[in-house]
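I have placed the structure first, in the form of structure tokens, so that the comments after it can refer back to it.
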Amino acid sequence: MMQRAKWARAFAIASSLVLTSCIYNRQSAVDPAGPQAGRVDTLWWSFFWLLGAIFLIVMILTVMTLGRRHRGFEQEPLAIRHKASDETESQLRRVVTGATIATIVILFVLIVASVGTGKANSELQQKKNPLTIQVTGTQWWWQIQYMNSDPTQNLTTANEIHIPVGRPVQIRGASNDVIHSFWVPNLNGKRDLIPSRITSEWIEADHPGEFRGQCAEFCGLQHAHMAIWVIAEPQAQFDAWMKAQLQPAAAPQTPAQIRGQQVFLNNACMYCHAIQGTPAVGQNGPDLTHFGSRRGIAANTVPNTMGNLAGWILDPQSMKPGNHMATVEVSSTDLQPLVEYLESLK
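Once you know that position 265 of the sequence shown is 938 in this note's numbering, the rest is easy, because the numbers rise by one and skip nothing.
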């Protein structure tokens, strides 16, 4: 009775974990939001059910074999030796040969399915009017550049990608330091970003939504805090977003924002960060032209709130140890205006 109760508790715990994983699916390879991820999802489940069935068959045969040997030991003395007959040897050879052939066939089918999925996921390059985005991994944040044949329409932002629903998007990957890996599982598989090389991946969203991504290659101390968001939206909404992002930074409107801009430009901030429309043209850190419209701070380590921003400015190491942002000496009277100015950049 107690043994049955233990199994019941174990089943309940396992079921709750499965249900939790189904609910919390904002970053999931089995919750596809586009054709590439859909193919990966189909491939994954095909592997799961096929290999699961093989595992089950092997376990059943193992239990049956152990049971037969156990009964044999009870019926006969251990000292008795049995020599297999020619018929038994022939049966064993047939079983081993059949199992070997089945293994080769199964592996061949899995390889063909994997290669076919990879080939199908690269066919977007044949479609017209793709959107090209360069994603550059840097310890520990993402630089996002929208490429256009007209240089005046090029856009640089950070840690967020906006894409139109139903339009193919080419992700050109690069790295400024070590190997990173771009992975938004709801849209496609992983793609390594390698220094001195350009890699390519195609994504396409089939419905609006916000999809979390993550660096999937260990890249240093803050690898786990290198997240990215992909926001898929209707074409008209994307066009409006792009138009707004191409504008220079909003001019400060209040005395506090004006003071905050002066604090930013008179400190080391401007040497690492760029704000279009101001003298700040730094390239070492994320572009802050429209910082106030972003969802997170420090590659989405924490939500973008005034309190979190103030804490990040005063002591970035306490929020994200090991990051490369310099600590800026800002007085208590200057901190609030600086935060208000940065949050006004929408």
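Cβ coordinates follow ideal geometry from the N, Cα and C atoms, glycine included.
Using a 10 Å radius around the Cβ and a threshold of 16 neighbouring Cβ atoms, would you call residue i buried or exposed?
{"i": "methionine 899", "result": "buried"}
{"i": "proline 708", "result": "buried"}
{"i": "leucine 739", "result": "exposed"}
{"i": "serine 1005", "result": "exposed"}
{"i": "arginine 967", "result": "buried"}
{"i": "alanine 917", "result": "exposed"}
{"i": "histidine 880", "result": "exposed"}
{"i": "alanine 793", "result": "exposed"}
{"i": "asparagine 698", "result": "Here the model assigns asparagine 698 a pLDDT of 46, short of 50, so the residue's position is not dependable, and the following value carries that caveat. Its Cβ having fewer than 16 others within 10 Å, asparagine 698 is exposed."}
{"i": "alanine 775", "result": "exposed"}
{"i": "proline 907", "result": "exposed"}
Could you round the C-beta distance between residue i and residue j to whole angstroms and report it? I think they count as a contact, below 8 Å.
{"i": "isoleucine 844", "j": "arginine 864", "result": "7 Å"}
{"i": "leucine 982", "j": "valine 954", "result": "About 21 Å; that fails the 8 Å criterion."}
{"i": "arginine 895", "j": "glycine 995", "result": "It should be noted that the sequence gives glutamine, not arginine, for residue 895. Confirmed, Cβ separation roughly 6 Å."}
{"i": "methionine 992", "j": "threonine 974", "result": "7 Å"}
{"i": "threonine 790", "j": "arginine 712", "result": "5 Å"}
{"i": "leucine 866", "j": "glycine 882", "result": "Not confirmed; about 24 Å, so no contact."}
{"i": "proline 1021", "j": "serine 848", "result": "What the structure shows of the chain is the stretch from 674 to 1019, and residue 1021 is not part of that stretch, so it cannot be assessed."}
Taking the Cβ atom as the reference point for each residue, do residue i and residue j lie within a distance shorter than 9 Å?
{"i": "isoleucine 836", "j": "alanine 905", "result": "yes"}
{"i": "alanine 710", "j": "asparagine 861", "result": "yes"}
{"i": "leucine 651", "j": "methionine 915", "result": "Given that the chain is displayed from residue 674 to residue 1019, the structure contains no residue 651 and the question cannot be resolved."}
{"i": "valine 851", "j": "valine 936", "result": "no"}
{"i": "threonine 809", "j": "tyrosine 819", "result": "no"}
{"i": "threonine 825", "j": "isoleucine 817", "result": "no"}
{"i": "leucine 783", "j": "leucine 729", "result": "no"}
{"i": "glutamine 812", "j": "cysteine 892", "result": "yes"}
{"i": "serine 701", "j": "proline 858", "result": "yes"}
{"i": "isoleucine 779", "j": "isoleucine 733", "result": "no"}
{"i": "tryptophan 717", "j": "valine 736", "result": "no"}
Select from the options the residue whose C-alpha is nearest the C-alpha of residue i.
{"i": "proline 841", "options": "Asn821, Thr825, Gly810, Lys801", "result": "Lys801"}
{"i": "proline 1010", "options": "Gly980, Asn996, Met992, Asp823", "result": "Gly980"}
{"i": "phenylalanine 911", "options": "Gly839, Leu1008, Met943, Ser854", "result": "Gly839"}
{"i": "tryptophan 902", "options": "Ile871, Leu1008, Trp814, Ile733", "result": "Trp814"}
{"i": "threonine 1000", "options": "Gly771, Glu1016, Cys942", "result": "Cys942"}
{"i": "glutamate 1016", "options": "Gly933, Ala972, Asn939, Gln956", "result": "Gly933"}
{"i": "asparagine 939", "options": "Phe781, Asp1007, Ser848, Val788", "result": "Asp1007"}
{"i": "tryptophan 856", "options": "Val731, Asp823, Pro868, Glu890", "result": "Glu890"}
{"i": "glutamine 920", "options": "Val788, Phe964, Arg766", "result": "Phe964"}
{"i": "cysteine 945", "options": "Ile931, Ala922, His997, Ala897", "result": "His997"}
{"i": "alanine 971", "options": "Ala922, Ala897, Tyr1014, Ala786", "result": "Ala897"}
Taking only beta-carbon positions, decide if residue i is within less than 9 Å of chain B.
{"i": "proline 868", "result": "Structure shown: chain B not included; a single protein chain is present."}
Segment contact flag, the stretch 949-964 with the stretch 885-894, C-beta cutoff 8 Å, min 3 pairs
By the Cβ criterion, the stretch 949-964 is not in contact with the stretch 885-894, since fewer than three pairs of Cβ atoms, one from each stretch, lie closer than 8 Å.
Count the C-beta pairs between the stretch 917-927 and the stretch 983-1001 that are closer than 8 Å, then say yes if the count reaches three, no if not.
no
Should the stretch 938-955 be regarded as contacting the stretch 866-876, the criterion being three or more beta carbon pairs within less than 8 Å?
no
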